[in-house]
Amino acid sequence: MIRSTSPDVTVPEVSITEYVLRHAERLGDKPAMVDGPSGRTLTYRQLADGVRRAATGLARRGFKKGDVFAIYSPNLPEYAVAFNAVASLGGVNTTVNPLYTADELVKQLEDSGARFLVTVGPFLDKAREAAARARVEEVFVFGTAEGARPFAELLAAPPSPPSVAIDARRDVVVLPYSSGTTGLPKGVMLTHHNLVANLCQCLGMQNFDGFTEQDTILAVLPYFHIYGMVVIMMFGLCQGATVVSMPRFDMQEFLGIVQKYRVTVAPIVPPIVLGMVKHPAVSQFDLSSLRLIFSGAAPLGEEIARALSKRLGCPVVQGYGMTEASPVTHLSPTRNAPVKPGSIGMVVPSTEVKLVDVVTGAELGKKQEGELLIRGPQIMKGYLGRPEDTAQAIDTEGWYHSGDVGYVDDEGWFYIVDRTKELIKYKGMQVAPAELEALLATHPAVLDAAVIRKADEEAGEVPKAFVVLKPDAAARATTAEALMAWVAERVAPHKRVRHVEFIDQIPKSASGKILRRMLVEREKAAG
99 MIRSTSPDVT
109 VPEVSITEYV
119 LRHAERLGDK
129 PAMVDGPSGR
139 TLTYRQLADG
149 VRRAATGLAR
159 RGFKKGDVFA
169 IYSPNLPEYA
179 VAFNAVASLG
189 GVNTTVNPLY
199 TADELVKQLE
209 DSGARFLVTV
219 GPFLDKAREA
229 AARARVEEVF
239 VFGTAEGARP
249 FAELLAAPPS
259 PPSVAIDARR
269 DVVVLPYSSG
279 TTGLPKGVML
289 THHNLVANLC
299 QCLGMQNFDG
309 FTEQDTILAV
319 LPYFHIYGMV
329 VIMMFGLCQG
339 ATVVSMPRFD
349 MQEFLGIVQK
359 YRVTVAPIVP
369 PIVLGMVKHP
379 AVSQFDLSSL
389 RLIFSGAAPL
399 GEEIARALSK
409 RLGCPVVQGY
419 GMTEASPVTH
429 LSPTRNAPVK
439 PGSIGMVVPS
449 TEVKLVDVVT
459 GAELGKKQEG
469 ELLIRGPQIM
479 KGYLGRPEDT
489 AQAIDTEGWY
499 HSGDVGYVDD
509 EGWFYIVDRT
519 KELIKYKGMQ
529 VAPAELEALL
539 ATHPAVLDAA
549 VIRKADEEAG
559 EVPKAFVVLK
569 PDAAARATTA
579 EALMAWVAER
589 VAPHKRVRHV
599 EFIDQIPKSA
609 SGKILRRMLV
619 EREKAAG
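Our numbering puts the sequence shown at residues 99 to 625.
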């Protein structure tokens, strides 16, 4: 078992809102949240006031402790207002991918039991359709849209939110969705204590230059995702930094915002790292303000990390985590330590990790490859309404089974080399094979299907489907292109199947479980 070399941290028993806004009164007119493209700004004073006003407005509409509030929006300054207002009332935020189709949105709204929803004008039609089907009581909109109730209405009353008793260790505050190691997306129950603990762990990491009040942090990664939500938005705000958001990624705009706002820290994902290595426009912008590039959500190759560090003249370091761990379990030291490109870093404070044989479960030593098991205060409460999945993920001793295979070197640096879990990571976004397999099974020409990850230089991984067609002539005439187009009409862009291979039979075990490893080996053999 490996424990962090950093001292354990003391985690205050407070709500996430109280912790995130702990410096707001002192910082006053300092910019807290900035919309990068427009420059629209919320100061720390305005943010804290907006949170109290929104909480007041929600409470007056009957929103209470334990109720679920869905946020279906790209990155905007108001995202932090809504999230923290709900949290302060003891409510639960369920954060939704803004690129979801109405059908995908319905599934999350129904599973989470969402009562209210907020979105933006361009997504209002999908939001209304899904809300009606999922019996959501009220839909709000950031900004304005014809016939919609503005979120700003909640801010109209003087701030007098009710006093709510929050049990930080028991009360769930956010319900993001994750596929875990297998199956369909599941609601991950994260408590106030989980999130506050993880922020304290990041702050307590030795030789890690986290965010400071002097930093300007770029939030191009979506707030609905645990990385954007906690590592960027919450970590930035609790440290008094200025967080500049982008609603979507565009390389030219990204580089322009770094230059315009003198961004100092850019938490990104490997496909953006690769783009910055190769894109000719990088040399046309002044990026000298950057002191740190932080890469997460998917593995980053050593050569690419070195290449970007050389091009920008600043460190490019990795971290590691997962939705079920709030998310951070490993960070790379940024000073007084060797730079080890390709490593996910070292264990964060108050966290234990052990590596076990993927077959026998026997504990392994250093430089031996095994599954990472993780234990600490940041590990989720469980999956919503899925006790069996929870028991499979967290054993009786409290170890979370990550489904990732790696090893640790003699100095305590970890490396990820493989996954036992089915999950596909497309540009750092989760894709559940089971979800695509269930969808493909509804196509009239498909008899059976299995989906695996296929390596891709730009995206990291993409979904590839192995498909068995029905025997009739009409089905046999179905092309790979037609199948991919059919899927694309029904899922968010990151879930689209990018390759289809027709085969005679899907390999399965005696119990009917897809033998995915055989398909992975087939793919590797094909080159």
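Every residue, glycine too, gets a C-beta built ideally from N, C-alpha and C.
When C-beta atoms of the stretch 542 to 551 are compared with those of the stretch 609 to 625, three or more pairs fall below 8 Å, so the two segments count as touching. Taking the C-beta atoms as reference points, L534 is found no nearer than 7 Å to Q528. The Cβ-Cβ distance between V204 and A180 does not fall below 7 Å. For G504, the enclosing beta strand (DSSP E) stretches over residues Y498 to V506. T427 and A543 have their C-alpha atoms spaced approximately 44 Å apart.
When rounded, the separation of the alpha-carbon atoms in R143 and I492 is 41 Å. The beta-carbon separation of E208 and A230, rounded to 12 Å, does not stay under the 8 Å limit for a contact. In its chain, beyond the 5 residues on either side, K464 and K465 have a beta carbon closer than 7 Å to the beta carbon of D507. In the DSSP assignment, D313 forms no beta bridge with any residue. Burial check for K593: the Cβ neighbour count within 10 Å reaches 16 or more, so the residue is buried. P378 is not a Cβ neighbour of A396, given a cutoff of 7 Å.
Note on geometry: alpha-carbon atoms of S424 and L293 lie some 6 Å from one another. The shortest C-alpha to C-alpha distance from D265 to any of S186, V341 and K224 is the one to S186. When beta bridges are read from the DSSP output, R247 appears opposite F238.
Considering only V437, T432, M420 and S386, the residue with the shortest C-alpha distance to E401 is V437. Distance from the CA atom of L282 to the CA atom of P256, rounded to whole angstroms, is 43 Å.
Remark: C-beta atoms of K552 and H597 approach each other more closely than 7 Å. With fewer than 16 other Cβ atoms from the protein chains shown falling within 10 Å of its own Cβ, A460 counts as exposed. Around the beta carbon of Q603, fewer than 16 other beta carbons lie within 10 angstroms, which makes this residue exposed.
The alpha-carbon separation between E621 and A536 amounts to approximately 21 Å. For D516, the pairing in a beta bridge is given by DSSP as V503.
For A435, same chain residues with a beta-carbon under 7 Å away, outside a window of 5 residues either side, are N305 in chain order. Under the DSSP assignment, P369 falls in the alpha helix (DSSP H) whose first and last residues are P368 to K376. Between the stretch 265 to 279 and the stretch 110 to 119 there are three or more C-beta pairs closer than 8 Å, enough to call the two in contact. Going by C-alpha positions, L174 is about 20 Å away from V271. Per DSSP, D133 is one residue of the beta strand (DSSP E) stretching across P129 to D133. Excluding the 5 residues flanking it on each side, R226 has same chain C-beta neighbours closer than 7 Å at V237, in chain order. Beta-carbon to beta-carbon, I315 and V342 are separated by about 7 Å, close enough to satisfy the 8 Å threshold. With respect to Y505, E467 sits close: the two C-beta atoms are nearer than 7 Å. If the five residues before and after A183 are omitted, its C-beta is found closer than 7 Å to the C-beta atoms of V149, A152, A153 and L156, all from its own chain and listed in chain order.
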